[in-house]
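Following: one structure in structure tokens, then a few remarks.
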Amino acid sequence: MFIEPNLEGYHRSHRHYLGWIEVVCGSMFSGKTEELIRRLNRARIARQRVEIFKPALDQRYHGEDVVSHNANAIRSTPLQSAEEMLLFTGDCDVVGIDEAQFFDEALPDVCVKLADQGKRVIVAGLDMDFQGKPFGPMPSLMAVAEYITKLHAVCMVCGNIASYSYRLVPSQEKVLLGETDNYEARCRRCFRLGPAARRV
Ligand code: ADP
Ligand code: MG
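Residues 192 to 391 in our numbering are what the sequence shown lists, from first letter to last.
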């Protein structure tokens, strides 16, 4: 159970447009993309104008769609840099961003600008990398956000609540795209145990 910002609909009816930033974070498989798509679909139902972005780097499932692990999808615009968002968001009400951890360090400032313009900005991204360290622009983004939702996956070793993305292959690269073949969700204990974690 998590508490989501109860602000849908409020946005457009407000006398002066008031923007804000929502962050949806957590490990891989925690449901970030699902939750982002859910919030954006509801904004569309409320007839708000929605723009969705992802880093061009993330081509895992589809060139342009944002796709969740349970195959929900929404059309997005892949971008090389966070700054480009300012060019594509002129008359929209809601901005959705997925895989935010792969954007550059300008992302928090760009999100603040968009919120200052009166837009609702919903950002989903990994809070930690495969080493359990804060990932890219996510910490700064969380500092400037009004709302933060931290989601959890299920530990693939023991079934506990999982906050870590455990890399199953030996590469030390910070960015290694991939899905169930390269990563699994793990709880704190099984993440620390690494290859020694015993499957139940
Ligand atoms: P994220 O964007 O956080 O990686 P998604 O929204 O794409 O997550 O996918 C969430 C879905 O992944 C869940 O609804 C579930 O169907 C599936 N899933 C696969 N492995 C796990 C796991 N270990 N824990 C929770 N959900 C998982
Ligand atoms: Mg995702």
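Yeah, the Cβ is synthetic: ideal placement off N, Cα and C, and Gly gets one too. Fair warning: this is a prediction, and the values are worked out from it, not measured in the lab.
| Item | Value |
| --- | --- |
| To which residues of the same chain is Ser221 closer than 6 Å at the C-beta, ignoring the five residues directly before and after it? | Leu342, His343 and Ala344 |
| In the DSSP assignment, find the alpha helix (DSSP H) that holds Thr224 and state where it starts and stops. | Lys223 to Ile236 |
| At what residues does the alpha helix (DSSP H) containing Ser331 begin and finish? | Met329 to Val335 |
| Helix, strand or coil for Pro156, going by three-state DSSP, please let me know. | Since the first residue of the chain shown is 192 and the last is 391, residue 156 is not available in this structure. |
| Using only CA atoms, which one of Ile288, Val241, Cys283 and Thr280 lies nearest to Ala247? | Ile288 |
| CA-CA distance, Arg377 and Cys216? | 15 Å |
| Alpha carbon to alpha carbon, what distance is there between Gly281 and Gly309? | 11 Å |
| With a CB to CB cut of under 6 Å and the five nearest residues on each side skipped, what residues in its chain are close to Met333? | Val214 and Ile339 |
| Once you ignore the five residues that flank Phe326 on each side, which residues in its own chain have a CB closer than 8 Å to its CB? | Gln292, Gly316, Leu317, Asp318, Met319 and Asp320 |
| According to DSSP, Ser356 sits in a beta bridge with which residue or residues? | Ala376 |
| Would you kindly work out how many angstroms separate the C-alpha atoms of Gln239 and Glu290, rounded to a whole number? | 22 Å |
| Should Ile228 and Ile265 be called a contact, given that it needs their Cβ atoms to be closer than 8 Å? | yes |
| Are the CB atoms of Leu298 and Gly210 within a distance shorter than 8 Å? | no |
| Straight-line CA distance for Val366 to Gly323? | 13 Å |
| Between which residues of its own chain and Ala273 is the CB-CB distance below 7 Å, once the five residues before and five after are set aside? | Phe294, Asp295, Ala297, Leu298 and Val301 |
| From the DSSP output, in three-state form, read off Leu209 for me. | coil |
| Strictly closer than 6 Å from CB to any heavy atom of the ligand ADP: give me those residues in the order they appear in the chain. | Gly217, Met219, Phe220, Ser221, Gly222, Lys223, Thr224, Glu225, Ser259, His260, Asn261, Ala344, Val345, Met347 and Ala376 |
| Could you tell me how far apart the beta carbons of Cys283 and Val335 are, in whole angstroms, since I believe they sit closer than 8 Å? | Actually they are not in contact, since the Cβ atoms of Cys283 and Val335 sit about 20 Å apart, beyond 8 Å. |
| Distance check for Ile212 and Asp307, CA to CA, integer angstroms please. | 10 Å |
| Give the C-beta separation of Ile243 and Ser267 to the nearest angstrom, bearing in mind that I take them to be a contact with Cβ-Cβ under 8 Å. | 4 Å |
| Measure the C-alpha to C-alpha separation of Thr224 and Val257 and round it to an integer number of angstroms. | 8 Å |
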